[in-house]
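Numbering (the numbering used here), first residue to last: 257 to 348. Quick reminder that beta carbons are idealized off the backbone N, C-alpha and C, glycines included. Since this is a predicted model, take the numbers as computed values, not measurements.
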Amino acid sequence: MIVRILTEGQYNLPGAYMDELNEIDNELVDVVADEDAEAFARVLRRMLDLVRENGEPVPIEELVESDLVLPEPDITLLEAEEMFVGEGLLPG
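Listed below in structure tokens is the structure:
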């Protein structure tokens, strides 16, 4: 799965990490709903680190469509309220 982190680039993340990514996404939905800025920053960092540490960077010169787009690392809780609602970024 190709995952883009806004302002950083794309990563080819093995499918084996999708369940963990989905769990973190669900957690983000909860902390955004609770308007907990500290927890939001911590959980978002876990999500982005999961992709960075386990994904293979896609070379910049390769044009590949992203399957999933994650927010930039410095997104605010207010901005995130529009993204992390309902089922979050990953349905299911």
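Check                                                                                                                                                  : Outcome
Between which two residues does the alpha helix (DSSP H) holding Ile280 run?                                                                           : Met274 to Ala289
Could you tell me the distance, in whole angstroms, from the CA atom of Met257 to the CA atom of Asp330?                                               : 23 Å
Grab me the residues of Leu333's own chain with a C-beta within less than 7 Å of its C-beta, minus the 5 sequence neighbours each way, in chain order. : Val288, Glu291, Ala293 and Phe296
Which stretch, first to last residue, makes up the beta strand (DSSP E) that contains Gly325?                                                          : Note on identity: in this sequence residue 325 is Val, with Gly being the wrong assignment. Leu324 to Leu326 is the extent of the beta strand (DSSP E) around Val325.
In or out: Val320 buried (at least 16 other Cβ within 10 Å) or exposed?                                                                                : exposed
Can Asn268 and Glu317 be called in contact, C-beta distance under 8 Å?                                                                                 : no
Just to confirm the assignment, what range does the beta strand (DSSP E) spanning Val314 have?                                                         : Where Val314 is concerned, there is no enclosing beta strand (DSSP E), given that its DSSP letter is neither H nor E.
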